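To start, the structure under review is shown below, and the notes come after it.
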Amino acid sequence: MTGERIAIVGVGQTVHKSKRPDVNTAEMCAEAVEAALADAQLTIKDIDCVILGSFEPADGYSGPDKFIIPELGCVGKAGFEMQNVGTTGAVACATAFNMAASGLFENVLCVAWQKMDEAAGAFGRGGGGANEYWLGQFPMSAITNFARRTYDYMTRSGCTEEHLAMVRVKQDQCAQRNKYAQLKLRLTIEKVMNDFLLAWPIRRLHMCPTTAGSAAIIVCPEKRAKKVTKKPVWVEDWFTCHQGGALTMAEDPQASTLGYACKKIYKRRGITNPKKEIQAWEVYEPASTAELRWMEEVGVAEDYKAWKLFEQGKVGIEKEIPFNPSGGVTATNPIGCTPVVRVVEASLQVRGDAEEHQVPGTINRALATGYGGQGENVVFLLKKTL
Amino acid sequence: MAQRVGIVAVAQTKFEEKPGLHIGELLYQASRDVMGQTGLEFKDDGTGIDCTIASGYDLMSGPGGAYMFLGYIVGAWQREDERVIEDGSMAVYYGAAQILSGHADVALVVGYSKETQIDKNLIECLSMDQIYQRRIGLDFVSAAALQAMRYTTKYGITPEQLAKVVVKARKNAQNNPYAYCCDNLTVKDVLRSTMLCDPIRVQEAKPTPVDGACALILATEDKAKKLTKKPVWITGMSSCYDHHELGYRDLANCNALVTAASKAYKMGGITNPLKEFDVAEISEHYSYQEPLWSEGLGLCGKGEGGKLIDSGKTEMGGELPVNPSGGVLSGIPHCLAGMHSVVECALQLRGEAGKRQVKGAKKALAHGVDGPAGQLHCVITLEN
């Protein structure tokens, strides 16, 4: 990269809930922005560029940035809104990174949200993004998509439904320690295995919930970042790999862009042993069962053997592999905002500020991802020192 | 700006009702055109196009995430494939910022819109806040009408002056083979047309529905020089938000545009826009917007927009021809207008604008707008 080096100087998020009748969308965003500003010890006057992100059809607006901007006190500032279906939040972060690195701005605010209690959230989990002639005709929602992927994974790896339930229980144990997480259910393996079946082997508890929530980050170029905070989280690199709208029934269900994106970014940054060189993981898993394959693709487990790590009890906040210490997406999923939550959580881990769900030891490097549609992944690497 | 960003190729489709075309085909036509002009393909070794940036609303076109079709239609596969959901000028703005950041060297910027698939007024109403403005059915036309009423009353802008804007646009559009409406309107025709939303008449509003697409390829200074003999440089750019609640601003002003323009001019080293620019493409969705936006862009003083129209300075052959292409009033789809402005300016600066060419154009001004009554403006200054 030839542009300026950049750092995240402040992060904030709302307490995520399934319903927020007490606030409207703009007020909910303001909560996250105020938290991020307080975290960075800045005021809204310091911000010179605002990047917004939401998956509009899951919100019931067209261009909601227009009425949210004044509520955030951002009239007169530069900015625009991004929307890339599931990876919206990730693209909004990448846009904020680009704006800060371009040298045009000093303090860039990125805010994303989703208030799914106000609209038909099912659209977001349906086949809305598919080509209306070929794929729109099939009921290929996230649920059926992950049912297909998981069934195939089970066949190839030999893991059982019990292992899938173990993943969900681990996620719930993490979420219980995160004060911002939505679902804290005190799950047991039996509870998960006896839950309502959506599309075998996916049960209701395996899928991400509908959430009302918002998250914000503040990004600065190097010089400014060092002035603003003592604990900057450096954005080492990011790689976007989109191939949305491409899914066909004939495609290999295990073909994913995450592995490709990780391979690319690890090569660019000279990472040879990701398990050692990356100490915290916030990976976007829309279904708990996806976590197994994702762990293999990011390089913390061997191909089709991730389930064995759960059997051996090696995954968890204080354990060998601290995967999704925040509880992840199956606990909290405000769609367009979810990737920003991943970046926020990864930043907190790097700073050592994640409180109850902080991964022990020094976190030098954390990885966060955003996932969307059928084949979109954005991978971020955050670092403590440059 | 630390370095210049170059536009190396531009393309547009014919603007018309295209109910038989899929959005993917629209995207294909525009993006294949610019790829063909430059010989660039999508590659991973840094010798091709690195990323794509689209502009377009889901709800304004029908299917969700239509920009994703780029993946398998032009081979924009396994890379950045981002979308700005604002007017197209903002996608160019972001594309240029992405190149300045060093994250990409060559970017394909594409805008699409398919108004034949949607109910425009209904979707516009969904942009308004849900407590106060949505329930009274406010959309962009009614918001514009309130602004037109306030502006014309405060400064004494006459209906004849506004009608002249439409007549000029349609006359200019006759020189533009891509334009949708290029009829021989007279001031009388405009003033006699049906009232759409007082004081805006049917002929004073953007023709709708219209479908179409635009595409540009942006590159770093070094690469742009290698890719084309006629690069067009982006020298300044900025966007700015205004208040959403119409009651919070004096609709006779456009403060956001003043801010965006002053930032872009400062970057581009422009001090006297009327004199320094040779051509301007301004997004005017309604006739009153040309004089009002001209004031915001500093082409004339406050309240003098009407006089500027009367003076003939903005006509072809005048001091600063505004919208030689015919502009939005000749029929450019929503959220494509600003990108179309940039495309037309680039053609002018390359000397490739055909019959609508402004001779010897060296500096150009492109403008895009989004939101009710001009809430979000984007200004881009260009040079050859």
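The listed protein sequences derive, respectively, from chains R and B.
So in this note's numbering the end of the first sequence lands on 402, straight run, no missing numbers.
So in this note's numbering the end of the second sequence lands on 839, straight run, no missing numbers.
Cβ atoms here follow ideal geometry from the backbone N, Cα and C, with glycine treated the same way.
Note that this is a predicted model, so its numbers are computed, not measured.
Between which residues of its own chain and residue i is the CB-CB distance below 6 angstroms, once the five residues before and five after are set aside?
| i | result |
| --- | --- |
| valine 107 (chain R) | Met98, Asn100 |
| tryptophan 688 (chain B) | Arg459, Gly461, Glu838 |
| valine 31 (chain R) | Tyr196 |
| histidine 870 (chain B) | Residue 870 (chain B) lies beyond the residue range present for chain B, which begins at 456 and ends at 839; the question has no answer from this structure. |
| arginine 141 (chain R) | With a pLDDT of 45 at arginine 141 (chain R), under the threshold of 50, the modelled position of this residue cannot be trusted; read the value that follows with caution. Cβ within range, chain order: Ser157, Ala158. |
| glutamate 471 (chain B) | Tyr635 |
| valine 208 (chain R) | Ala181, Arg184, Leu221 |
| lysine 469 (chain B) | Tyr633 |
| valine 734 (chain B) | Pro776, Gln803, Val813, Ala816, Ala819 |
| lysine 609 (chain B) | Ala707 |
Considering only the beta carbon of each residue, do residue i and residue j sit closer than 7 angstroms?
| i | j | result |
| --- | --- | --- |
| leucine 563 (chain B) | threonine 507 (chain B) | yes |
| serine 780 (chain B) | asparagine 631 (chain B) | yes |
| cysteine 353 (chain R) | alanine 231 (chain R) | yes |
| alanine 816 (chain B) | glutamine 803 (chain B) | yes |
| glutamate 799 (chain B) | glutamate 736 (chain B) | yes |
| isoleucine 63 (chain R) | leucine 125 (chain R) | yes |
| valine 249 (chain R) | leucine 398 (chain R) | yes |
| threonine 256 (chain R) | glutamate 535 (chain B) | yes |
| cysteine 28 (chain R) | valine 66 (chain R) | For the sequence presented, residue 28 (chain R) should be read as glycine rather than cysteine. Cβ distance not < 7 angstroms, so glycine 28 (chain R) and valine 66 (chain R) don't count as in contact. |
| methionine 545 (chain B) | serine 694 (chain B) | yes |
| glycine 26 (chain R) | alanine 46 (chain R) | no |
| alanine 485 (chain B) | alanine 668 (chain B) | yes |
| glycine 479 (chain B) | isoleucine 528 (chain B) | yes |
| alanine 362 (chain R) | glutamate 298 (chain R) | yes |
| alanine 466 (chain B) | aspartate 505 (chain B) | no |
| isoleucine 787 (chain B) | methionine 692 (chain B) | no |
| glycine 76 (chain R) | glycine 105 (chain R) | no |
| threonine 227 (chain R) | asparagine 349 (chain R) | yes |
| lysine 473 (chain B) | aspartate 666 (chain B) | yes |
| histidine 789 (chain B) | methionine 583 (chain B) | no |
| leucine 199 (chain R) | proline 225 (chain R) | yes |
| valine 642 (chain B) | serine 738 (chain B) | no |
Excluding the five sequence neighbours on either side, which residues of its own chain have a C-beta within less than 7 angstroms of the C-beta of residue i, listed in chain order?
| i | result |
| --- | --- |
| lysine 754 (chain B) | The sequence given here places leucine at residue 754 (chain B); lysine does not occur at that position. The answer, listed in chain order, is Pro728, Leu729, Leu763, Leu775. |
| valine 621 (chain B) | Leu640, Val645, Gln658, Glu659, Ser742, Leu784 |
| leucine 682 (chain B) | Val463, Thr493, Ala674 |
| asparagine 778 (chain B) | Ala624, Asn627, Glu736, Ile737 |
Would you grab the beta carbon distance between residue i and residue j for me? Rounded to a whole angstrom, and I think it's under 8 angstroms.
| i | j | result |
| --- | --- | --- |
| proline 80 (chain R) | threonine 41 (chain R) | 6 angstroms |
| histidine 222 (chain R) | glutamate 327 (chain R) | About 18 angstroms; that fails the 8 angstroms criterion. |
| proline 290 (chain R) | valine 316 (chain R) | 7 angstroms |
| leucine 671 (chain B) | phenylalanine 732 (chain B) | Leucine 671 (chain B) to phenylalanine 732 (chain B), Cβ: 20 angstroms. No contact. |
| glutamate 372 (chain R) | arginine 202 (chain R) | 16 angstroms between Cβ atoms; not a contact. |
| proline 341 (chain R) | cysteine 190 (chain R) | 5 angstroms |
| aspartate 853 (chain B) | alanine 618 (chain B) | Here chain B comprises residues numbered 456 to 839, so residue 853 (chain B) is not present and cannot be evaluated. |
| isoleucine 578 (chain B) | serine 34 (chain R) | Not a contact, Cβ separation roughly 28 angstroms. |
| histidine 258 (chain R) | glycine 543 (chain B) | That belief does not hold up - the Cβ atoms of histidine 258 (chain R) and glycine 543 (chain B) are roughly 20 angstroms apart, past 8 angstroms. |
| serine 510 (chain B) | methionine 794 (chain B) | 6 angstroms |
According to DSSP, simplified to helix, strand and coil, what is residue i?
| i | result |
| --- | --- |
| proline 380 (chain R) | A quick correction: the sequence has asparagine, not proline, at residue 380 (chain R). Correct three-state label for asparagine 380 (chain R): coil. |
| alanine 466 (chain B) | strand |
| proline 237 (chain R) | strand |
| glutamate 774 (chain B) | coil |
| glycine 344 (chain R) | coil |
| glutamine 130 (chain R) | strand |
| threonine 204 (chain R) | coil |
| valine 393 (chain R) | A small fix is needed here, since residue 393 (chain R) is asparagine in this sequence, not valine. Note: asparagine 393 (chain R) maps to strand in three-state DSSP. |
| lysine 399 (chain R) | strand |
| glycine 550 (chain B) | helix |
| cysteine 755 (chain B) | coil |
| histidine 258 (chain R) | strand |
| histidine 179 (chain R) | helix |
| glutamine 533 (chain B) | coil |
| valine 565 (chain B) | strand |
| threonine 726 (chain B) | coil |
Spatial neighbours of residue i within its chain, please: C-beta separation below 8 angstroms, excluding the five flanking residues on both sides.
| i | result |
| --- | --- |
| alanine 163 (chain R) | Leu214, Ala215, Trp216, Pro217, Ile218 |
Between residue i and chain C, is the shortest Cβ-Cβ distance under 7 angstroms, so that the two count as touching?
| i | result |
| --- | --- |
| tyrosine 77 (chain R) | Of the chains in the structure shown, none is chain C; the protein chains are R and B. |
Taking contact to mean 3 or more Cβ pairs, one atom from each stretch, closer than 8 angstroms, check whether the segment 117–127 of chain R and the segment 18–28 of chain R are in contact. yes
Specify whether the segment 710–723 of chain B and the segment 669–676 of chain B touch according to this definition: at least 3 beta carbon pairs, one from each stretch, less than 8 angstroms apart. no
Using 8 angstroms as the Cβ pair cut-off and three pairs as the minimum, do the segment 704–714 of chain B and the segment 825–838 of chain B touch? yes
Three CB pairs or more closer than 8 angstroms across the segment 303–323 of chain R and the segment 265–284 of chain R: The segment 303–323 of chain R makes contact with the segment 265–284 of chain R: 3 or more CB pairs, one atom from each, lie closer than 8 angstroms.
Would you check if there are 3 or more beta carbon pairs closer than 8 angstroms linking the segment 647–666 of chain B to the segment 374–394 of chain R? no
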